[in-house]
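Asks:
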Amino acid sequence: MSPVNDPAHLIYTLQQSAWEAWPAQTASACNALSERQRFDLGIVELPSPDDTQTFHWVEQVLQQMSDLPWIALVEPAHLSAPRTRALILEHCEDYHTLPVDPGRLATAAGHIHGMARLAQAEPVSNHHHIPSQYGVVGESAQMSALIRRARKVAQSEVPVLLSGESGTGKERIASLIHRLSPRASGPFVAVNCAALPASLIQAELFGYERGAFTGANKRQIGRIEAASGGTLFFDEIADIPYGLQVNLLRFLQEGTLERLGSHQTLHIDARIVTATHVDLDEAVRQGRFREDLYYRLNVVRITLPPLRERGTDVLHLAQHFLDMYAESKRSMPYTFTPDAVDAITSYRWPGNVRELMNRVRQAAVLSDSRLISARDLALNVDNAPSRRPTLAEARELAERSAIIKALTRNKVNISQTARELGVSRVTIYRLMEKHGIAPSH
Numbered sequence: 118m119s120p121v122n123d124p125a126h127l128i129y130t131l132q133q134s135a136w137e138a139w140p141a142q143t144a145s146a147c148n149a150l151s152e153r154q155r156f157d158l159g160i161v162e163l164p165s166p167d168d169t170q171t172f173h174w175v176e177q178v179l180q181q182m183s184d185l186p187w188i189a190l191v192e193p194a195h196l197s198a199p200r201t202r203a204l205i206l207e208h209c210e211d212y213h214t215l216p217v218d219p220g221r222l223a224t225a226a227g228h229i230h231g232m233a234r235l236a237q238a239e240p241v242s243n244h245h246h247i248p249s250q251y252g253v254v255g256e257s258a259q260m261s262a263l264i265r266r267a268r269k270v271a272q273s274e275v276p277v278l279l280s281g282e283s284g285t286g287k288e289r290i291a292s293l294i295h296r297l298s299p300r301a302s303g304p305f306v307a308v309n310c311a312a313l314p315a316s317l318i319q320a321e322l323f324g325y326e327r328g329a330f331t332g333a334n335k336r337q338i339g340r341i342e343a344a345s346g347g348t349l350f351f352d353e354i355a356d357i358p359y360g361l362q363v364n365l366l367r368f369l370q371e372g373t374l375e376r377l378g379s380h381q382t383l384h385i386d387a388r389i390v391t392a393t394h395v396d397l398d399e400a401v402r403q404g405r406f407r408e409d410l411y412y413r414l415n416v417v418r419i420t421l422p423p424l425r426e427r428g429t430d431v432l433h434l435a436q437h438f439l440d441m442y443a444e445s446k447r448s449m450p451y452t453f454t455p456d457a458v459d460a461i462t463s464y465r466w467p468g469n470v471r472e473l474m475n476r477v478r479q480a481a482v483l484s485d486s487r488l489i490s491a492r493d494l495a496l497n498v499d500n501a502p503s504r505r506p507t508l509a510e511a512r513e514l515a516e517r518s519a520i521i522k523a524l525t526r527n528k529v530n531i532s533q534t535a536r537e538l539g540v541s542r543v544t545i546y547r548l549m550e551k552h553g554i555a556p557s558h
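Residue numbers (the working numbering): 118 to 558.
#1: What residue range is occupied by the uninterrupted beta strand (DSSP E) comprising G159?
#2: Pick helix, strand or coil for L179, following the three-state DSSP scheme.
#3: Measure the alpha-carbon distance for A329 versus I461 and round it to whole angstroms.
#4: Hey, could you find the ends of the alpha helix (DSSP H) L414 is sitting in?
#5: Where does N364 sit, in a helix, a strand or coil, going by DSSP?
#6: So A392 and D352 are supposed to be a Cβ contact under 8 Å. How far apart are they, rounded?
#7: Is the beta carbon of L179 less than 8 Å from the beta carbon of V161?
#8: Any idea which residues DSSP pairs A355 with across the strands?
#9: Rank N148, A225, F156 and Y359 by C-alpha distance to the C-alpha of E408 and give the top, closest one.
#10: Would you please state the rounded distance, in angstroms, between the beta carbons of F350 and V395? I believe it to be under 8 Å.
#11: The beta strand (DSSP E) with H437 in it runs from where to where?
#12: For N475, is the classification buried or exposed, using 16 other Cβ atoms within 10 angstroms of its Cβ as the cut-off for buried?
#13: How about L473 and L424: are their beta carbons less than 8 Å apart?
#14: Would you call D167 buried or exposed, if buried means 16 or more other Cβ atoms sit within 10 Å of its Cβ?
#15: Here's a check: name, in chain order, each residue in its chain whose Cβ is nearer than 6 Å to the Cβ of L278, leaving out the five neighbours to either side.
#16: How far does the alpha helix (DSSP H) with Y546 in it extend, from its first residue to its last?
#17: Mapping the DSSP letters down to three states, classify T525 as helix, strand or coil.
#18: Check whether the stretch 440 to 456 touches the stretch 310 to 320, taking contact to mean three or more Cβ pairs, one atom from each stretch, closer than 8 Å.
#19: For H433, which residues of its own chain have a beta-carbon under 7 Å away from its beta-carbon, when the five flanking residues on both sides are left out?
#20: Expressed to the nearest angstrom, what Euclidean distance is found between the alpha-carbon atoms of A225 and R268?
#21: Find the nearest neighbour of R289 within the set A344, L421, S145 and V529, judged by alpha-carbon distance.
#22: Report yes if the C-beta distance between G347 and H384 is below 8 Å; otherwise report no.
#23: Do L131 and A189 have their beta-carbon atoms positioned less than 8 Å apart in this structure?
#24: How would you write the range of the beta strand (DSSP E) that I188 sits in, first residue to last?
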């Protein structure tokens, strides 16, 4: 067939090749379809990178549906844009320039789907496992997708922006990206922008020469220079003073800097990873964060889920922290009592992984036995957060509970569970993945 731009023609061609095709024009339509239907492949037409709003929601859709192999359709002129190239490299298995040949597209879709099925046949431990020394523990669907994304982006040099609530483990993911990258043998330099006094942050980042200011008694290499050859991680990037943001932007654009008190230009080769728990889009709108710097940093975005959305990961993490404490003391292992397990899984963990780690360590230190109870963890009704779950959250909890109970009654037989709940086997698998329920539950 002749190359076309007509979506209806493309859909017809795919249907003729035995594909079921479901069109969606908006992010909400994509999300609604993904909740009702399990897909094998996604095809997305990328907008102009100058259409910031549309480009942003396309990024969000690809991030939210990152388990799906994607084929991008793109105008040839847009391939020169860094954001477009980065989006394709991060989220897509293949791309075709417009106008596209429908026959070639159908062939590519079949090939990619076949490769994806081969990948899914690999043991889960090989596909998702990250060695514990990296500090990333979790088997939920959200963390499996995040780890795959981290593995993929680690092989590139594009800037990465990590977003998520405080305590979700953004620095651990930044370190993971570094260790899985070709720069693993180089330095990993972490800078907490919120912890540096505004009066010292420029000197800390860019360094200074002797005599550059009062108290500068010797030359000092800055954090950026120290990261050359490796990865530079800016935590809480939103807290960097507005006046200093232009200096950081210049470094990102040119790869050079000058120490305070010097006119010598230094060339620095560092991969940039940033993190924030605030809404940078809102910070840009309020004039607190430079828009040009934001787009330099937000080439690839990875959003970390809060612990309350990670299903049974909370128990894996709790046991991991308990085992770490026992190993550090070279003592016999600890374990949790049934009431502790109930408390851990029902608590909402507003402080996320950091709060869990602190509570487990404190319990291990103060407990008089190797059985850690809910009381040892200081988890009970009295100290639980007062926030009530929303209707949507209550439905999610009820749905997850119903699936677990049905699986238990049917001894994890998927067909029997599906019949009992009145849904298809595909729906059961999708819901198990959604709620982080392991097949061996």
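Positions of the beta carbon are idealized from the N, C-alpha and C atoms, including for glycine.
Replies: So, from the listed chains and residues:
#1: Within the sequence shown, numbered from 1, the residue matching residue 159 stands at position 42. Annotation: the continuous beta strand (DSSP E) that includes G159 extends over G159 to E162.
#2: The sequence position of residue 179 within the sequence shown is 62, counting from 1. In this structure, L179 counts as helix in the three-state DSSP scheme.
#3: Position 212 of the sequence shown, counted from the start, is the residue given in the question as residue 329. Position 344 of the sequence shown, counted from the start, is the residue given in the question as residue 461. Per the coordinates, the alpha-carbon of A329 lies some 53 Å from the alpha-carbon of I461.
#4: Within the sequence shown, the letter at position 297 stands for residue 414. E408 to L414 is the span of the alpha helix (DSSP H), which, as asked, contains L414.
#5: Mapped onto the sequence shown, residue 364 falls at position 247. In the structure shown, N364 sits in a helix (DSSP, three-state: H, G or I).
#6: Taking the sequence shown and counting its residues from 1, the one referred to as residue 392 is at position 275. Taking the sequence shown and counting its residues from 1, the one referred to as residue 352 is at position 235. Sure, about 5 Å apart at Cβ, within 8 Å.
#7: Here residue 179 is taken as the residue at index 62 of the sequence shown, counted from 1. Here residue 161 is taken as the residue at index 44 of the sequence shown, counted from 1. Cβ distance < 8 Å, so L179 and V161 count as in contact.
#8: Position 238 of the sequence shown, counted from the first residue, corresponds to residue 355. Per DSSP, none; premise fails for A355.
#9: Here residue 408 is taken as the residue at index 291 of the sequence shown, counted from 1. The shortest Cα separation from E408 among N148, A225, F156 and Y359 belongs to Y359.
#10: Translated into positions along the sequence shown, residue 350 becomes position 233. Translated into positions along the sequence shown, residue 395 becomes position 278. Actually they do not touch by this definition, with Cβ atoms about 17 Å apart.
#11: Here the question's residue 437 lines up with position 320 in the sequence shown. Not the beta strand (DSSP E): H437 falls in the alpha helix (DSSP H), residues D430 to S445.
#12: On the sequence shown, residue 475 is found 358 positions in, with the first residue counted as 1. Exposed.
#13: The residue given as residue 473 occupies position 356 in the sequence shown. The residue given as residue 424 occupies position 307 in the sequence shown. Taking 8 Å as the Cβ cut-off, L473 and L424 qualify as a contacting pair.
#14: By one-based count along the sequence shown, residue 167 stands at place 50. Exposed, because fewer than 16 other Cβ atoms sit within 10 Å of the Cβ of D167.
#15: In the sequence shown, counting from the first residue as 1, residue 278 sits at position 161. Excluding sequence neighbours, L278 sits near T391, L414, N415 and R418.
#16: Walking along the sequence shown from the start, residue 546 turns up at place 429. First-last of the alpha helix (DSSP H) with Y546: R542 to K551.
#17: Reading the sequence shown from its first residue, position 408 is the one you call residue 525. T525: helix per DSSP, three-state reduction.
#18: no
#19: Here residue 433 refers to the residue found at position 316 of the sequence shown. V254, G255 and E256, listed in sequence order.
#20: Taking the first residue of the sequence shown as position 1, residue 225 is located at position 108. Taking the first residue of the sequence shown as position 1, residue 268 is located at position 151. Whole-angstrom Cα-Cα distance: 24 Å.
#21: Locating residue 289 in the sequence shown gives position 172, where the first residue counts as 1. Sorting A344, L421, S145 and V529 by C-alpha distance to the C-alpha of R289 places L421 at the top.
#22: Within the sequence shown, residue 347 is the residue found at index 230, counting from 1. Within the sequence shown, residue 384 is the residue found at index 267, counting from 1. For G347 and H384, no; Cβs fall outside 8 Å.
#23: To locate residue 189, count along the sequence shown from 1; it is residue 72. To locate residue 131, count along the sequence shown from 1; it is residue 14. No. Outside cutoff.
#24: Along the sequence shown, one-based indexing puts residue 188 at 71. Counting along the chain, I188 sits inside the beta strand (DSSP E) bounded by residues W187 to V191.
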